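Chemist:
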Amino acid sequence: MNWKKKVTTGLNKKTTIRMSVAIEKADLTLKYISHYNEIKELLFKNSSEILNVRRNKAFQDFVSLGIPSFKNENYKYTNLNPQFLPDYEFVHERQEQEADLNEIFRCDVPELDNTPTLLYNGWFYEKNIRGINLPEGVILESLENAAKNHPELVHKYYSTVADTTTDPLVALNTAFAKDGYFLYVPKNLMVEKPIQIINLLKANTDTFTTQRNLIIVEDGATAQLILCNHTLDLTRYLSNSVTEIFVGENTQLDYYTVQNQHNNSASLNSVFVQQEKNSNVTSHTVSLHGGMIRNNLKVILDGENAETNLFGMAFLDKKQHVDNFTQIIHGKPHCQSNQLYKNVLDEESSGAFSGRIHVVRDAQKTNAFQRNNNLLLTDKAKMQTKPQLIIDADDVKCSHGATVGQIDEEALFYLRARGISEDKARLMMMNAFAHEVVEQIKIEALRERIDDLIAKRLSGEVARCHECGYNCDC
Amino acid sequence: MLSIKNLYVSVDGQEILKGINLEINPGEIHAIMGPNGSGKSTLANVLAGKEEYEVTSGEITYMGEDLLEKSPEDRAREGLFLSFQYPVEIPGVPMVNFLKAAVNEHRKYKGEKELTAGEFLKMMREKMELVDMHPNLTNRSVNEGFSGGEKKKNEIFQMALLEPKLAIMDETDSGLDIDALKTVANGVNALRSPENSTIVVTHYQRLLDYIVPDFVHVLYKGKIVKSAGKELAFELEEKGYDWIKQENDN
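Each protein sequence line maps, in turn, to chains A and B. Take the first sequence: its letter number 22 is residue 10 in this note's numbering, and every next letter is one higher. Adding 625 to a residue's 1-based position in the second sequence gives its number in this note's numbering.
What follows is the structure, given as structure tokens:
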């Protein structure tokens, strides 16, 4: 048991005044340390060596970094200590699900002709049906199996961009990682139909899930990916997912994330994207509903003429909290990045946006743009926004802008003066605010569905899929 | 139709209107003129129901009912229309959605069936011709990127769609060249009827060549200091406002 030593190292430099805080923090970390030691064997069991070799080191990193709190500059606006506090059940093994999830869950976007692939509490669902639209050569399976069936691929990429030494969530995920989805699109293949992957959370007791995903899009290939997160009951969840995405030269990947979870859930998502020459990645993160959402998105532009577009739209009410934290590394010349994040905050909700753009010394002719606009609907809603530019090259175009404001009263009066009720006028204004982001969604069926869900969300109706019998909202 | 009695209005604690009295009957056109800062736009906005304007005393009766009790949207639905001096740009709200919502809210209020998309588009095309609006403008967001003239035409276009009983034109002539002014005036005249009334708020006499008023009132320092027929407008054009100021400041 060498963990005692680790804890002491974490404590010995604190002054006595900070002791109580430190002890509390250490207690919480301690809980995770003893848990790790208890279930270590289970983690290593049935798991590929590729995943196993990372565990111990990753866990050590987690212990020395600590559970993210205000003291960590990157988590300044999101204290995760309360989320880590409950005694969770951990899903370290594939769970049996008696009912067929394909039968009980339908989230089909009308006209979006596909067969969704399901994840159950972070694990690839064993009864998944391979979509008929998935062309031959595309691999979509569980990471656990991929590590066994395609060790050369997994080994080459796994845990290469998701750095465990800088982020405790990544470290903890890498220590616990056993499964998630693995998507591989071979060279020059154009996958025409969007691939939809839905993570379903379903349990009877407070549950901690870990999901680890790997996406590889080889040179010249294109794909569209829709990822949905759903809670199927009112159980308390903490989900910690990490996704590593590698896109080769001349590729195009559109990556949509739709977050729709209940207020008692915390969703922590870390996505890493590595882009090669002439690649184009567009990411959309639509946070419709969720108690606590933290989205870490790091993009490394590692080849010339690579382009990345990051869009985010979040709707918050009650005491919800959404924190989008983006980092773009302009590592090569002639790359382009665009970011547009918007939040609508109602009641006592709080939001945060931190966008870091780092242009390295040789990345000349970089174009990097960032904008964050926020609409506060009440006096109690709060928004923190923090753009950050680090520019080491001298021939670049970079800009950033952030606004936090209320609904334009002049515009509201204009609409009302034409006979439109105040409520309806407010809705029109909020929809208009969101529209700038939504119109960037390229898949028409998805765009229409999101529009519809947003309209419902804003008008106070439950924002969930019609066909789903579960009440995701609380 | 409209009866304003001893109206006092303040904005941010500052008294702007100081005892306005005005009677408007069906079919009449009233021009309200006056130097800058006399309270013309305040009067227009109070009638439309803008909240920052606080009515400290007096009353306004519209169609026999207390107007001040009503929300801006109910005033609009009951036929009161303000053509804005500065129409607001609302990015992201498509013109068509806005107009359809406005028309249907009016219809709903009157107990009429809401128009379908097809019926509405037909109605829109007809009314558009009246003000010579470019069809492309309805594909944009509300007033977004419209020129000054297009914005004013758009106000008259909305007026044509909503068919108000009492239209208040707040400085509709400002920023218009002579051709646009004529188009706007033609639109207003085409919508006239013996039942409908119009209040034209303007600084200059120019618009009144095209929309001929029955009465001209001069507003100065929050009060109507002179009322007469249309000849008063010519007198103001010729002599300016200085004589009004002198008469009242002494």
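Just so it is clear, CB atoms sit at the ideal spot from N, CA and C, and this is done for glycine as well. The structure presented is a predicted model; accordingly, all values stated were derived computationally and were not measured.
(1) Within this structure, are the beta carbons of A:A356 and A:C386 separated by less than 7 Å?
(2) When the Cα of A:S271 is compared with those of A:I288, A:N297 and A:T153, which residue comes out closest?
(3) What does A:S229 pair with, by DSSP beta-bridge criteria?
(4) Is it buried or exposed, A:I442, if we count other Cβ atoms within 10 angstroms and call 16 or more buried?
(5) Less than 7 Å between CB atoms is the rule here; does B:A726 satisfy it with respect to chain A?
(6) Just to confirm before moving on: does the CB-CB distance between A:T105 and A:I204 stay below 7 Å?
(7) Express the C-alpha separation of B:K776 and B:K864 in angstroms, rounding to a whole number.
(8) Should A:M416 be flagged as near chain B, meaning a C-beta pair shorter than 7 Å?
(9) Can you find at least 3 beta carbon pairs, one from the region 789 to 802 of chain B and one from the region 713 to 727 of chain B, that sit closer than 8 Å?
(10) Per DSSP, which residues does A:H250 bridge with? Please list them.
(11) Report yes or no: is there a C-beta of chain A within less than 7 Å of the C-beta of B:K675?
(12) From B:E862 to B:V825, what does the alpha carbon distance come to, in whole angstroms?
(13) Indicate the three-state DSSP secondary structure (helix, strand or coil) for A:R414 in the structure shown.
(14) Any beta carbon from chain A within less than 7 Å of B:I641's own beta carbon?
(15) Is A:R118 close to chain B? Criterion is C-beta to C-beta, closer than 7 Å.
(16) Hey, A:Q263 and A:L289 are a contact pair by Cβ (cut 8 Å); roughly how many whole angstroms apart?
(17) The alpha helix (DSSP H) with A:F299 in it runs from where to where?
(18) State yes or no: is the C-beta of B:N661 within less than 7 Å of the C-beta of B:G644?
(19) Got a sec: is the Cβ-Cβ distance from A:R404 to anything in chain B below 7 Å?
(20) Mapping the DSSP letters down to three states, classify A:S409 as helix, strand or coil.
(21) For A:R344 and B:H828, what's the separation of their Cα atoms in angstroms?
(22) Compute the beta-carbon to beta-carbon distance between A:A159 and A:D49, rounded to the nearest angstrom, for a pair I have assumed lies under 8 Å.
(23) For the candidate residues A:F196, A:N293, A:A191 and A:L188, whose alpha-carbon lies nearest to that of A:Q240?
(24) Report the rounded CA-to-CA distance for A:N238 versus A:E295, giving the unit in angstroms.
(25) When you compare the CB positions of A:F196 and A:F78, do they come within less than 7 Å of one another, or not?
(26) Looking at C-alpha atoms only, which residue of A:S130, A:I120 and A:A381 is the closest neighbour of A:E114?
(27) Strictly below 7 Å CB to CB, what residues from chain A border B:P697?
(28) Pick helix, strand or coil for A:T162, following the three-state DSSP scheme.
(29) Consult DSSP for A:G125 and reduce its assignment to one of helix, strand or coil.
(30) Where do the ends of the beta strand (DSSP E) carrying B:G683 lie?
(31) Closer than 8 Å between beta carbons: that is the criterion. Which residues of the region 786 to 812 of chain B meet it against chain A?
(32) Can you round the beta-carbon distance between A:V261 and A:N284 to whole angstroms, since I take them to be within the 8 Å contact cut?
(33) Kindly indicate which three-state DSSP category B:M758 falls into: helix, strand or coil?
(34) Excluding the 5 residues flanking A:R82 on each side, which residues of the same chain have their C-beta closer than 6 Å to its C-beta?
(35) Residue range of the beta strand (DSSP E) that A:Y169 falls in?
(36) Excluding the 5 residues preceding and the 5 following B:K870 in the sequence, name in chain order all residues of the same chain whose CB lies nearer than 8 Å to its CB.
Modeler: Judging by the given coordinates:
(1) yes
(2) A:N297
(3) A:Q199 and A:N257
(4) buried
(5) yes
(6) no
(7) 31 Å
(8) yes
(9) no
(10) DSSP, once it has assigned bridges, lists no residue as partnering A:H250.
(11) yes
(12) 16 Å
(13) helix
(14) no
(15) no
(16) 5 Å
(17) Looking at the DSSP string, A:F299 is not in any alpha helix (DSSP H); the run it does join, the beta strand (DSSP E), is E295 to L304.
(18) no
(19) yes
(20) coil
(21) 53 Å
(22) 4 Å
(23) A:N293
(24) 10 Å
(25) yes
(26) A:S130
(27) F401, R404 and A405
(28) helix
(29) coil
(30) Y678 to Y687
(31) L787
(32) That belief does not hold up - the Cβ atoms of A:V261 and A:N284 are roughly 11 Å apart, past 8 Å.
(33) coil
(34) W111
(35) Y169 to V173
(36) P660 and Y845
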